[in-house]
Amino acid sequence: MESESTSRRQTRAGNAFEVLWVFLQMGCTCFGGPIAHLGYFRREFVERRRWLDDKTYSDLIALCQFLPGPASSQVGFSIGLLRAGWWGGLAAWLGFTLPSAVLLTGYASLARLLDNTLGKGLVHGLKLVAVAVVAQAIWDMARRLCPDRARAAIALAALALLSVLDTVYAQLIVIGGGALLGIVVWRMSVASSASVASSAPVAGSASADAHAFALPRAASGIALVLFCVLLAGLPALEALLPATWTIRIFDVFYRSGALVFGGGHVVLPLLQQATVASGWISANDFLAGYGAAQAVPGPLFTFASYLGWMMSPSSAHWLGALCATVGIFLPGLLLVIAVLPHWQALRTRPSVAALLAGANAAVVGLLASAFYAPVWTSAVLSATDFAVAVVSLFLLTCWNVRPLLVVLLCAGAGIVETFVR
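Numbering (the working numbering), first residue to last: -9 to 411.
This is how it looks when you write it as structure tokens:
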């Protein structure tokens, strides 16, 4: 019995190393954002390696779209979890996250050296990348998350509300209000509830049994408690220890990761409010880093690595980057562990689908608000900037040009424009 247990542990360890190596390769080659990442994952893990079947993979996608956090990283974590247990989940997250986190912290370390004409042109070009990328994200999300008048109205109401609200809780108020409006719309008619439930992004294959994922329910409860304790306890701990900057950075990014429905570009307004509006980082540095994040593979949430570096004291940049990176990913991973065993029962409830549909519609308005300020107002300063941004948007949306090429185009245009000016 003991030898069998030892053999199982060795097999798990071997699988974990395999998971780490495969996801490290994915982290170095997966460009294009979370939707593209999910396509890469399906080809690699369903079609090529056959680590899981299509139905199970579809269920994982449905679960991770239901939860706040970075969907592609959550799906990758779940695949690693199913393949090699807890160590496999950790290996999958580490392998997929590490390349872009290292690249963006490297860019942050060089950012101060770019305070010259060439550097300013490069930074301006990266800000124009952000204009095109966020505009594309708004368009794609609006088509997917606001397919009817009710959800389009929720998105517009969120945009209008954000234009008048001046509070650090504005994003939370808007997302919560959108969720409540989703419930109201669902209750107004049985037909509306059926439409919302069938077209909400939580929908997916119902044939896979969540209990087949074999995640212990005790672990589910512990993860949920830990998620709530950190969400409520970190602000209190920060108040008790105001001089501890590591706690403050971890708290800022943990709360951002816990409140981001939709993942990817939706994190932009939350991080902007937490870092730029609070005076920790300038709008120029923020948008330059966001533009640079489009040029690297892997999850967009590693933008936090750049911000953590820039926000921390010069003697502890790497610690700041680490706190920010772990902080922004941790809540989404905890929620996967918490919800996975209960997913099948939850996803069949129309009220849950309606609530999420309303919250996701509000997220579209949230991103549209961030697109105007600070993205547009700080990047588009001339007719040339407008032309570059529009051309970049068309390259991304109509010709499906790789984001890396668009980054190079905008960076070059920004440098040329700066020298000409």
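Every residue gets a Cβ at the ideal spot worked out from N, C-alpha and C, and that includes glycine.
The C-beta distance from ILE51 to ALA352 rounds to 22 Å, too long to meet the 8 Å contact threshold. The DSSP assignment places complete alpha helix (DSSP H) segments of no fewer than 4 residues inside the stretch 119 to 183 at 139 to 154 and 160 to 178, in order along the chain. Comparing C-alpha distances from GLY247 to each of ASP275, PHE217 and GLY96 shows the shortest one belongs to PHE217.
Unbroken alpha helix (DSSP H) stretches of 4 residues or longer found wholly inside the stretch 331 to 362: 333 to 337 and 340 to 360, given in chain order. In the displayed model, THR234 falls within coil according to three-state DSSP, outside both helix and strand. ALA209 is a Cβ neighbour of ILE327, given a cutoff of 8 Å.
In the structure shown, GLN262 adopts helical secondary structure according to DSSP, grouped into three states. If only complete runs of 4 or more residues are kept, the stretch 299 to 329 shows the alpha helix (DSSP H) at 307 to 329, in order along the chain. The three-state reading of DSSP puts TRP270 in coil, since its state is none of H, G, I, E or B. With fewer than 16 other Cβ atoms inside 10 Å of its own Cβ, ASN390 counts as exposed.
If you ignore the 5 residues before and after HIS307, its C-beta comes within less than 6 Å of the C-beta of TRP299, all in its own chain and listed in chain order. GLN284 carries a coil assignment under DSSP once its states are collapsed to helix, strand and coil. Boundaries of the alpha helix (DSSP H) around THR95: 61 to 101.
Secondary structure at ASP43: coil, using DSSP grouped into helix, strand and coil. Selection TYR47, MET178, THR19 and PRO393 evaluated against TYR280 yields PRO393 as nearest (Cα-Cα).
When DSSP states are grouped into helix, strand and coil, LEU399 belongs to the helix group. Its chain contains GLY70, ARG73, ALA74, GLY78, ALA81 and ALA82 as the residues whose beta carbon lies nearer than 6 Å to that of VAL9, once the 5 sequence neighbours on both sides are disregarded; these appear in chain order. Sixteen is the threshold: when 16 or more other Cβ atoms of the shown chains lie within 10 Å of the Cβ of PHE276, as they do, the residue is buried. Annotation: the continuous alpha helix (DSSP H) that includes SER382 extends over 373 to 387. Between ALA369 and ALA169 a beta carbon distance of about 31 Å is seen, past the 8 Å cut, so the two are scored as non-contacting. Rounded to the nearest whole angstrom, the C-alpha separation of MET16 and LEU220 is 30 Å. The C-beta of TYR244 has 16 or more other C-beta atoms within 10 Å across all chains shown, which makes the residue buried. Burial is judged here by how many other beta carbons sit within 10 angstroms of a residue's own beta carbon; TYR97 has at least 16 and is buried. For the options SER63, PHE361, LEU371 and LEU155, the alpha carbon positioned closest to that of GLN126 is the one of PHE361. Taking the CA atoms as reference points, THR19 sits about 27 Å from LEU325. Of the candidates PHE13, ASP44 and SER62, SER62 places its Cα closest to the Cα of PHE319.
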